[in-house]
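Please read the structure below before turning to the comments.
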Ligand code: BGC
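Residue numbers (full-length UniProt numbering): 1 to 819.
What follows is the structure in structure tokens.
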């Protein structure tokens, strides 16, 4: 196992270096005229008629990616592989020019001034706009706001708030001069160890889809675009470029496509990014069933699809399948498109369709309408918003004897754990935002006028300085190159220091840090999914020392993904899961600790008792399989890179996360939907508009704050459906909502509209969404297990809600698909 992992890691590092070489600027020359077209009269069809095949190819293929490589990495690149952009050609000049529009973005599409075709700037997200904060030869800085990671946003259960965050992110996209944000990410958190889980919302498809739709609506309200990603079934980083994911049609439709379906139908994203992986034997970017039959014909998507950076292997298959743009693009790919048209392999009419979709989106971009961006988004207002959203998404996991909020006698605080002083705001890789600052926990405490023990601060500060200075570069090459904070290994704590602090301070805070990101999955090991010995002992020693003085100890989880908590959660007095809360981190955490904000976040993902309990444990991240690599067919520009033939079978099928734990009675440490508050709520008066369902159901429920302080409550509606024809999970979320801030004694009535599709399951035999006849239980919960009210409805006969195409079956033949 160990050796295999090492080998995989080595291969991945080599691959990444080569990937960067390609991205680093292999460009070639061609001719364009510089004359401006007339924008007001831009007519897509007549422009397409005038464009040459070469120009069309240049538009559908990206213009390369520019990443300044550190010397250490340059030295590792084999001679002859690095090519510089030939800036003497017209194409070279054009590319040089468009790259200056917004430095630090992931990609730019070609411009053709003679036709009025403008470039589209594609910038990463999802936790904010990823651009370079400084520009060569330019005064000033261009920092973007690091918002809370998607997992925090989902934990707010507040779609209105997410839309507001989207609006703020979109304003930064617009005012810094980008056109399309490569976000949000809406893959399911299938396994706790996926390295990119932090970029995703939840293990539940409804939460995922609703959050993504709110985010897209917010961003696009600024007149800029989004690219929902990674479409689809991209649930791991291990061998992400070659993994073949095998899953049932039902799991695909009900779990992995559902979030995308909701987002497309409820927010019309301008673009979609296909993923790296294969699904049931076909690269997603080459799959007409996924990109045309399902996305366009069934869901009505009308934008363009782009590849993930370097995804797939056969660009002609991609263009034919409805993957309109190849990113980041290379000269060879442009030539391959031209050759394919010339030799009849690719009909020009298909290329025209790709071009038409790209141009139709272009007409909506700020650059096309000559928007004069200010470079001055309202960073101050966004900092306030991120501070609020982060505290709304933090989850109070434990709170013995009301350890939190701090009592008024708490003034002096001892902060343990290196990450208290070096808090992690966001994940690593392309999802890392270049923010101006991160408020550490210590700064947050000081901002709120708490005294932080300076002796302990000095000890940690010098430890951090020394450790950072000697810290080896991140093992994850993409982290090294694209950025993001590595957590610090924990310091061995002298017991006497803990005792001294316990007598000098009023309370202890202990921060446990974990980061993760693109390029690697996490490990089911101590120091990652599990706490290591130093961390366990830190929590124990500090808590015992403070308890001996009649004082409390609080743990803060500054983590990118789920960790094990069952074995130690009873030790401290309280546990607050802050995830990676964005740049206002310390302020947001202290707002909860001090009681300024009452926690209302609830988990959008389960915390299993151990990794062994996860439904995916046998099938993550999959296995190497015998077979040929795709190198022969590879026209992506990455053909010299080995893509290890790899396969993962989603044996757990639809039983992802809580659907599995509840159906198979597997106890968890913290269940989906769980989170504590400083107040309590009473649920009453559940009313259903009918007890015999035909096509719609209105549910109303009253929620009242019966505690002492104001608070908000996330309300969850679960369904238990009959299993006569199709098996079903014990429980599945069908709606949710959040109250406004309720003062003590105040109440609110929430209502939910349930349509037939919300009750339906996917019936593979008949390719339809089916509401089976029988009895349905509606459960109103404060969490997936804390059910407050229930009622029943019956369905007298089967309802076929929608019949869809037979598509993406596990046994389909790749060759047939590529015809
Ligand atoms: C990531 C995408 C990202 C793209 C551009 C890829 O490696 O998977 O999420 O948008 O790079 O940076």
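C-beta atoms are modelled at their ideal positions from N, C-alpha and C, and glycine is treated no differently.
If you draw a straight line from the alpha carbon of residue 26 to that of residue 431, how long is it in whole angstroms?
Only weak support is given to the placement of residue 26: the predicted model assigns it a pLDDT of 35, under 50, and the value that follows is read from those uncertain coordinates. The straight-line gap from Cα to Cα measures roughly 24 Å.
Quick check on the burial criterion: 16 or more other C-beta atoms within 10 angstroms. Buried or exposed for residue 662?
By the neighbour-count rule (16 or more Cβ atoms within 10 Å), residue 662 is buried.
Please go through the segment 203-234 and give each complete beta strand (DSSP E) segment of 3 or more residues, from N-terminal end onward.
Runs of the beta strand (DSSP E) inside the segment 203-234: 225-231.
Starting from residue 658, trace the alpha helix (DSSP H) in both directions and tell me its first and last residue.
Note, residue 658: alpha helix (DSSP H), 658-663.
Identify the residues that DSSP records as bridge partners of residue 715: which are they?
Paired residues: 737.
State buried or exposed for residue 475, treating a residue as buried only when at least 16 other CB atoms are found within 10 Å of its CB.
Result: exposed.
Going by DSSP, what residues sit across from residue 146 in a beta bridge?
Looking at the DSSP assignment, residue 146 forms no beta bridge with any residue, so it has no partner.
Which first and last residues belong to the beta strand (DSSP E) in which residue 779 is found?
Element bounds for residue 779: 774-781.
I want to know whether the segment 549-567 touches the segment 509-523 - three or more CB-CB distances under 8 Å.
With the cut-off at 8 Å, the segment 549-567 and the segment 509-523 touch.
Taking only heavy atoms of the ligand BGC into account, decide whether any of them is closer than 8 Å to the Cβ of residue 518.
Within the cutoff, so yes.
Given residue 739, which residues of its chain have a CB within under 6 Å of its CB, disregarding the five upstream and five downstream residues?
For residue 739, where only same-chain residues beyond five positions count, the Cβ hits under 6 Å are 703, 712, 713 and 748.
What first and last residue would you give for the alpha helix (DSSP H) that runs through residue 91?
Segment 90-99, the alpha helix (DSSP H) holding residue 91.
I need the DSSP call for residue 805, collapsed to helix, strand or coil.
Coil at residue 805, not helix or strand.
Residue 101 and residue 119 - do their beta-carbons sit closer together than 9 Å?
Result yes, Cβ atoms of residue 119 and residue 101 sit closer than 9 Å.
Which of the three DSSP states, helix, strand or coil, is assigned to residue 17?
In this prediction, residue 17 has a pLDDT of 42, which is less than 50 and means its spatial position is unreliable; nothing more can be read from the coordinates.
Is the CB-CB distance between residue 573 and residue 419 below 9 Å?
No. Outside cutoff.
Leaving out the 5 sequence neighbours to the left and right, which residues in its chain are closer than 6 Å to residue 566 when beta-carbon positions are compared?
Only 609 and 669 meet the Cβ criterion.
Since residue 681 is in the beta strand (DSSP E), which residue starts that stretch and which ends it?
First-last of the beta strand (DSSP E) with residue 681: 681-688.
Less than 8 Å between the CB of residue 670 and some heavy atom of the ligand BGC, yes or no?
Checking every heavy atom of the ligand BGC against the Cβ of residue 670, none is found closer than 8 Å.
Looking at the unbroken alpha helix (DSSP H) that takes in residue 353, where does it start and where does it end?
Unbroken alpha helix (DSSP H) run through residue 353: 348-362.
Can you grab the Cα-Cα spacing for the pair residue 536 / residue 587, in whole Å?
Spanning the two alpha carbons is a distance of roughly 26 Å.
Where residue 550 and residue 183 are concerned, what is the direct C-alpha to C-alpha distance, given to the nearest angstrom?
Using only the alpha carbons, I get a separation of about 48 Å.
Compute the beta-carbon to beta-carbon distance between residue 687 and residue 781, rounded to the nearest angstrom, for a pair I have assumed lies under 8 Å.
No, residue 687 and residue 781 are not in contact; Cβ-Cβ is about 17 Å, not under 8 Å.
For a test of the three-state rule: what should DSSP assign to residue 530, helix, strand or coil?
Reduced to three states, the DSSP call for residue 530 is strand.
When the Cβ atoms of the segment 118-136 are set against those of the segment 170-189, are three or more pairs found closer than 8 Å?
Enough Cβ pairs lie closer than 8 Å, so yes.
Per DSSP, which one or two residues make a beta bridge with residue 447?
Per DSSP, none; premise fails for residue 447.
Can you tell me where the beta strand (DSSP E) holding residue 324 begins and where it ends?
No beta strand (DSSP E) contains residue 324, which DSSP labels as neither H nor E.
Counting along the chain, where does the alpha helix (DSSP H) carrying residue 431 start and finish?
No alpha helix (DSSP H) contains residue 431, which DSSP labels as neither H nor E.
Does at least one heavy atom of the ligand BGC sit under 8 Å from the Cβ of residue 129?
Residue 129: no, Cβ never under 8 Å from the ligand BGC.
Let me see if you follow: with CB-CB separation under 9 Å, is residue 445 close to chain D or not?
In the displayed structure, chain D is absent; only one protein chain is listed.
Measuring only the C-alpha atoms, how far is residue 820 from residue 467?
Any answer about residue 820 is impossible in this case: the structure gives the chain only from 1 up to 819.
Just to confirm, does residue 286 get its C-beta within under 8 Å of one of the non-hydrogen atoms of the ligand ZN?
You won't find the ligand ZN in this model; what it holds is the ligand BGC.
Which two residues bound the contiguous beta strand (DSSP E) that contains residue 379?
Per DSSP, residue 379 belongs to no beta strand (DSSP E); it is in the alpha helix (DSSP H), 379-393.
The ligand BGC heavy atoms versus the CB of residue 236: any closer than 8 Å?
Because no heavy atom of the ligand BGC lies under 8 Å away, the Cβ of residue 236 does not count as near it: no.
Please tell me whether, using a cut-off of 8 Å, the distance from the CB of residue 276 to the nearest non-hydrogen atom of the ligand BGC is below it.
Result yes, Cβ under 8 Å from the ligand BGC.
Do you know whose CA, among 416, 478 and 745, lies nearest residue 501's CA?
Closest option to residue 501, Cα to Cα, is 416.
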